[in-house]
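*Asks:* Residue numbers (our numbering): 28 to 295.
Virtual Cβ for every residue (Gly too), placed ideally from N, Cα, C.
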Ligand SMILES: O=C(O)CCC(=O)C(=O)O
Ligand SMILES: [Fe+2]
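1. Flag this pair as yes or no: are the beta carbons of residue 275 and residue 121 separated by less than 8 Å?
2. Have a look at residue 237 and residue 77 and give me their C-alpha separation to the nearest angstrom.
3. State the Cα-Cα distance for the pair residue 44 and residue 152, rounded to the nearest angstrom.
4. When we look at the beta-carbon of residue 128 and count the other beta-carbons within 10 Å, is it buried (16 or more) or exposed?
5. May I have all residues whose beta carbon comes closer than 5 Å to any heavy atom of ligand 2, sorted in chain order?
6. Considering only C-alpha positions, which residue in the set 97, 103, 61 and 52 is nearest to residue 214?
7. Using 8 Å as the threshold, is the C-beta distance between residue 255 and residue 186 below it?
8. Residues in the same chain with beta-carbon distance under 6 Å from residue 258, minus the five sequence neighbours each way, listed in chain order, please.
9. With DSSP run on the structure shown, which of helix, strand or coil describes residue 261?
10. Let me know the secondary structure DSSP gives residue 125 once reduced to three states.
11. Between residue 249 and residue 67, is the Cβ-Cβ spacing less than 8 Å?
12. Tell me the start and end of each unbroken beta strand (DSSP E) in the region 84-110 that is at least 3 residues and wholly inside, in chain order.
13. If you draw a straight line from the alpha carbon of residue 49 to that of residue 167, how long is it in whole angstroms?
14. Can you tell me whether residue 109 is buried or exposed, with buried defined as 16 or more other CB within 10 angstroms of its CB?
In structure tokens, the structure reads:
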């Protein structure tokens with residue numbers, strides 16, 4: 028479909044990602060690398076053209092009735108509880124995450140978000156921005172591309188990701204709440220900094236940053252060392268965010284455990 032070409036979907040004037048050798052593209056890549064290095068994230072506001080955002084929201088809303096809603100209690104490390112640790116250890120801090128997911132196999136092939144995800148130009152840009160030699164679309168039939176759906180009362184708890192990076196595109200904001208908050212590099216490969224994590228979980232706001240991710244923004248986020256959450260949603264509007272999955276290796280899929288937790292099933 029001609030109307031779903033990259034130039035219909037992405038603001039290629041602002042973000043000239045179709046030709047990475049052009050001087051303006053090199054500037055953009057340098058900007059992304061700088062932000063990732065210093066903050067662990069890079070937000071590109073207005074990445075989508077507004078008509079593409081509108082279309083993606085309409086298409087997402089059409090499949091929202093198929094959303095799998097889950098409620099999961101867990102710790103910030105997304106690991107099983109370790110009862111040998113003291114009770115006030117951040118590893119044992121439990122909070123409930125409540126949200127919905129639309130899986131890749133529920134998103135029709137003609138939807139604009141799929142056209143964007145399946146465009147090789149996007150993957151080449153993301154690899155260059157992240158300083159990776161090559162990226163592959165995640166090979167999981169459910170996890171490759173998701174729309175995260177959050178309604179009134181939903182919440183995504185403070186956590187670290189178990190992957191090196193996440194790419195998201197904001198489609199629609201909640202009326203209130205639904206803010207993406209993070210504490211950049213609160214831990215690093217050498218230090219867990221449990222005291223800082225513990226203070227944060229008790230309500231200390233030191234170092235908390237709110238990412239401005241308006242509809243149409245593309246966010247590159249390194250969540251392994253940067254703890255983050257989505258604040259509780261309030262109001263009638265759904266918070267809709269597309270999550271685009273990649274890996275540095277081909278053929279990577281999710282575990283059955285993760286599929287069951289996220290989608291309530293392990294196959295079509
Ligand atoms: O919904 C978002 O903006 C972020 C989702 C997230 O942190 C995750 O899926 O690990
Ligand atoms: Fe996350």
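*Replies:* In terms of the structure at hand:
1. Not in contact: residue 275 and residue 121 (Cβ atoms no closer than 8 Å).
2. So the two alpha carbons sit approximately 23 Å from each other.
3. As the crow flies, the alpha-carbon of residue 44 is around 6 Å from that of residue 152.
4. Flag for residue 128 reads buried.
5. That gives 188 and 250.
6. The shortest C-alpha separation from residue 214 is found at 103.
7. Yes, they are a contact pair.
8. Excluding positions up to five away in sequence, the list reads 204 and 206.
9. Here residue 261 sits in strand by DSSP.
10. In this structure, DSSP gives residue 125 an extended state, which the three-state scheme calls strand.
11. For residue 249 and residue 67, yes; Cβs fall inside 8 Å.
12. Complete beta strand (DSSP E) runs here, min 3: 95-101.
13. Approximately 33 Å between the Cα atoms of the pair.
14. A residue is called buried when at least 16 other Cβ atoms come within 10 angstroms of its Cβ; residue 109 does not meet this threshold and is exposed.
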